[in-house]
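Student: Here it is, the structure, as structure tokens.
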Amino acid sequence: MLALLLQATSGGVFLTPGNLGGVMGVVPEIGLVAVGAAVLMIAGEFDLSVGSVFAFGSMLACVLATHGWPMAASMPLALLCCAALGFMNGWLTLRFRIPSFITTLGMLFIVRSLTVVISGGFPPPFPDDAPTWLFTDTVGSLRLSMFWFLGLCTLIALVLGVSNYGNWIRATGGMPEAAQAIGIRTDRVKLSCFVLCSVLAGFAGMLQVMRLGSPLPSLGDGLELQAVAAAVIGGTALGGGVGTVLGAVIGVVLIRAIDNGMVVSDVDANWFKFAIGALTICAVIANSHLRDMAKKMKVQV
3 MLALLLQATS GGVFLTPGNL GGVMGVVPEI GLVAVGAAVL MIAGEFDLSV
53 GSVFAFGSML ACVLATHGWP MAASMPLALL CCAALGFMNG WLTLRFRIPS
103 FITTLGMLFI VRSLTVVISG GFPPPFPDDA PTWLFTDTVG SLRLSMFWFL
153 GLCTLIALVL GVSNYGNWIR ATGGMPEAAQ AIGIRTDRVK LSCFVLCSVL
203 AGFAGMLQVM RLGSPLPSLG DGLELQAVAA AVIGGTALGG GVGTVLGAVI
253 GVVLIRAIDN GMVVSDVDAN WFKFAIGALT ICAVIANSHL RDMAKKMKVQ
303 V
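Each residue of the sequence shown is one higher than the one before, counting from 3 in the working numbering.
Here you go:
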């Protein structure tokens, strides 16, 4: 229904192959961040620093390249630094029992500042040896970045859906006391999810820089809120324990479709955040209502 509405308001432009290709072109970048945020939310925590990590990883890789590092080495090192940031988020949150909202809000500002500092305030030159072909070449109408995205999503979905580790994540977020009672190291599970979230954000930032050809300190600004919104719209519970990778991906596609649909329909861009906010609130209300209905059905049975 949304697609038909946007098709009508855009004068038939929205569902054209060229426009849909544009919509899907940025899904891998935002989608990886949303998937990481969703996994962490399922474990019962939040990460508001992903937008800053998104910019930091690609900036660090390019800055290292300007100092003589080959991109084949600077990219893995940058991702390792992103993992360290995620570890720091998790360690501070769990060691001092600080709400992850506060920990990662502070890290949002710290990492954004570091990104500007290491860049010198200006974007560094884009390295000549950057493997852009590995992410931006196309197969049919899809960039290779889409296949990276689908592969990673499939792997994470399998881990979350069919492995013991996936069960530990859900138990940690949904029933932490019960999880601890049966021997699950809930702190370690959460810590690993923090690391995964940051690594995915850093890799997503690299995908965007490969596409744009320039690392900017402002990349990913506000992305953390879109990632959380996409996860919630896709059915991830704010209280933890419930959510899927597919749901997060659907949330991202909906957000990108609304954004693009407003552009091609000549709607004031300022209404975009209004639409996403309203959709997020509706999704939370719907999820809460469905959980209440499920509880009532269990009681009746």
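Idealized CB from N, CA, C, for every residue including glycine.
Check the DSSP bridge columns for V141 and list the partner residues they point to.
Tutor: Your numbering for residue 141 matches position 139 in the sequence shown. DSSP lists L144 as partners of V141.
Student: Out of L152, P126, V164 and V113, state which residue places its alpha-carbon closest to the alpha-carbon of S216.
Tutor: Start at 1 with the first residue of the sequence shown, and residue 216 comes out as number 214. Closest by alpha carbon: P126.
Student: Does W273 pass the burial test, meaning 16 or more other C-beta atoms within 10 Å, or should it be called exposed?
Tutor: Position 271 of the sequence shown holds residue 273. Exposed, because fewer than 16 other Cβ atoms sit within 10 Å of the Cβ of W273.
Student: Reducing DSSP to helix, strand and coil, say where D223 ends up.
Tutor: As a position in the sequence shown, residue 223 is number 221, starting the count at 1. Note: D223 maps to coil in three-state DSSP.
Student: Measure the C-alpha to C-alpha separation of A181 and F276 and round it to an integer number of angstroms.
Tutor: Sequence index remark: in the sequence shown, residue 181 carries index 179 (1-based). Sequence index remark: in the sequence shown, residue 276 carries index 274 (1-based). Cα-Cα distance, rounded: 39 Å.
Student: Run through DSSP, which three-state label would T68 get?
Tutor: Start at 1 with the first residue of the sequence shown, and residue 68 comes out as number 66. It is helical.
Student: Sort S115, L8 and R258 by Cα distance to G53 and report the nearest one.
Tutor: In the sequence shown, residue 53 corresponds to position 51, counting from 1. The shortest C-alpha separation from G53 is found at S115.
Student: Indicate the three-state DSSP secondary structure (helix, strand or coil) for N91 in the structure shown.
Tutor: Position 89 of the sequence shown, counting from 1, holds the residue named residue 91. Here N91 sits in helix by DSSP.
Student: Under 8 Å by Cβ, that's how I've got G59 and A80 pegged, so tell me the actual separation to the nearest angstrom.
Tutor: The residue labelled residue 59 in the question sits at position 57 within the sequence shown. The residue labelled residue 80 in the question sits at position 78 within the sequence shown. Contact flag correct, Cβ pair sits at about 5 Å.
Student: Spatial neighbours of R371 within its chain, please: C-beta separation below 6 Å, excluding the five flanking residues on both sides.
Tutor: With the chain represented from 3 up to 303, any question about residue 371 goes unanswered, as that position is not in the structure.
Student: Identify, in the order they occur along the chain, each residue of the same chain with its Cβ nearer than 6 Å to the Cβ of Q210, setting aside the five sequence neighbours on each side.
Tutor: To locate residue 210, count along the sequence shown from 1; it is residue 208. So the qualifying residues of the chain are E31.
Student: Could you check the C-alpha separation between V147 and I260 for me, to the nearest Å?
Tutor: Taking the first residue of the sequence shown as 1, we reach residue 147 at position 145. Taking the first residue of the sequence shown as 1, we reach residue 260 at position 258. Val is not the amino acid found at residue 147; the sequence shown has Ser there. In a straight line, the C-alpha of S147 is about 22 Å away from that of I260.
Student: Just reading off the alpha helix (DSSP H) that P30 is part of, what are its end residues?
Tutor: Along the sequence shown, one-based indexing puts residue 30 at 28. Run containing P30: V29 to I44, per the alpha helix (DSSP H) assignment.
Student: Whose C-alpha, out of G88, D294, P133 and A36, is nearest the C-alpha of A75?
Tutor: Position 73 of the sequence shown, counting from 1, holds the residue named residue 75. That would be P133, whose Cα lies nearest to the Cα of A75.
Student: To the nearest angstrom, report how far apart F128 and M61 are at their CA atoms.
Tutor: Your numbering for residue 128 matches position 126 in the sequence shown. Your numbering for residue 61 matches position 59 in the sequence shown. Whole-angstrom Cα-Cα distance: 10 Å.
Student: Spatial neighbours of R213 within its chain, please: C-beta separation below 6 Å, excluding the five flanking residues on both sides.
Tutor: Residue numbering aside, residue 213 sits at position 211 when the sequence shown is read from its first letter. Closer than 6 Å at the Cβ level, and outside the excluded window around R213, lie T138.
Student: Please state whether the Cβ-Cβ distance between I235 and A288 is less than 7 Å.
Tutor: Working through the sequence shown from its first residue, we reach residue 235 at position 233. Working through the sequence shown from its first residue, we reach residue 288 at position 286. In this structure, A288 does not lie closer than 7 Å to I235 by Cβ.
Student: Hey, quick one: how far does the alpha helix (DSSP H) through T106 stretch, first residue to last?
Tutor: Start at 1 with the first residue of the sequence shown, and residue 106 comes out as number 104. It spans S102 to S121 - the alpha helix (DSSP H) in which T106 sits, taken as one unbroken run.
Student: How far does the alpha helix (DSSP H) with D189 in it reach, from first residue to last?
Tutor: Here residue 189 corresponds to residue number 187 of the sequence shown, with the count starting at 1. That run of the alpha helix (DSSP H) goes T188 to L214.
Student: Cα separation between S51 and A233?
Tutor: To locate residue 51, count along the sequence shown from 1; it is residue 49. To locate residue 233, count along the sequence shown from 1; it is residue 231. So the alpha carbons of these two residues sit roughly 16 Å apart.
Student: Going by CA-CA distance only, name the one from N166, S267, T156 and G123 that's closest to T11.
Tutor: Mapped onto the sequence shown, residue 11 falls at position 9. The shortest Cα separation from T11 among N166, S267, T156 and G123 belongs to S267.
Student: Between which residues of its own chain and F48 is the CB-CB distance below 6 Å, once the five residues before and five after are set aside?
Tutor: For the purposes of this step, residue 48 is identified with residue 46 of the sequence shown, where counting begins at 1. Counting only Cβ-Cβ distances below 6 Å, and skipping sequence neighbours, we find S102 and F103.
Student: So, are the CB atoms of V55 and C155 less than 7 Å apart?
Tutor: Indexing the sequence shown from 1 puts residue 55 at position 53. Indexing the sequence shown from 1 puts residue 155 at position 153. In this structure, C155 does not lie closer than 7 Å to V55 by Cβ.
Student: In terms of residues, what are the limits of the alpha helix (DSSP H) holding A173?
Tutor: Position 171 of the sequence shown, counted from the start, is the residue given in the question as residue 173. Counting along the chain, the alpha helix (DSSP H) containing A173 begins and ends at N166 to G176.
Student: Do V35 and L225 have their CB atoms nearer than 7 Å?
Tutor: Indexing the sequence shown from 1 puts residue 35 at position 33. Indexing the sequence shown from 1 puts residue 225 at position 223. A contact, by the Cβ cut-off of 7 Å.
Student: Short of 6 Å in beta carbon distance, which residues of its chain neighbour N262, apart from the five on each side in sequence? Order them along the chain.
Tutor: By 1-based counting over the sequence shown, the position of residue 262 is 260. Answer for N262: V25, listed in chain order.
Student: Can the beta-carbon of V201 be found less than 7 Å from the beta-carbon of C84?
Tutor: Against the sequence shown, residue 201 aligns to sequence position 199. Against the sequence shown, residue 84 aligns to sequence position 82. In this structure, C84 lies closer than 7 Å to V201 by Cβ.
Student: Our contact map puts I158 next to V37 with C-beta atoms below 8 Å; I'd like the distance itself, whole angstroms only.
Tutor: Walking along the sequence shown from the start, residue 158 turns up at place 156. Walking along the sequence shown from the start, residue 37 turns up at place 35. At roughly 6 Å, the Cβ-Cβ gap stays under 8 Å, so I158 and V37 are in contact.
Student: Is the CB-CB distance between I45 and G175 below 7 Å?
Tutor: By 1-based counting over the sequence shown, the position of residue 45 is 43. By 1-based counting over the sequence shown, the position of residue 175 is 173. Before going on, a small fix: residue 45 reads as Ala here, not Ile. Cβ atoms of A45 and G175: closer than 7 Å.
Student: Tell me where the alpha helix (DSSP H) around N262 begins and ends.
Tutor: Here residue 262 refers to the residue found at position 260 when the sequence shown is read from its first residue. Start and end: V247 to V266.
Student: In three-state DSSP terms, what is N272?
Tutor: Translated into positions along the sequence shown, residue 272 becomes position 270. Here N272 sits in coil by DSSP.
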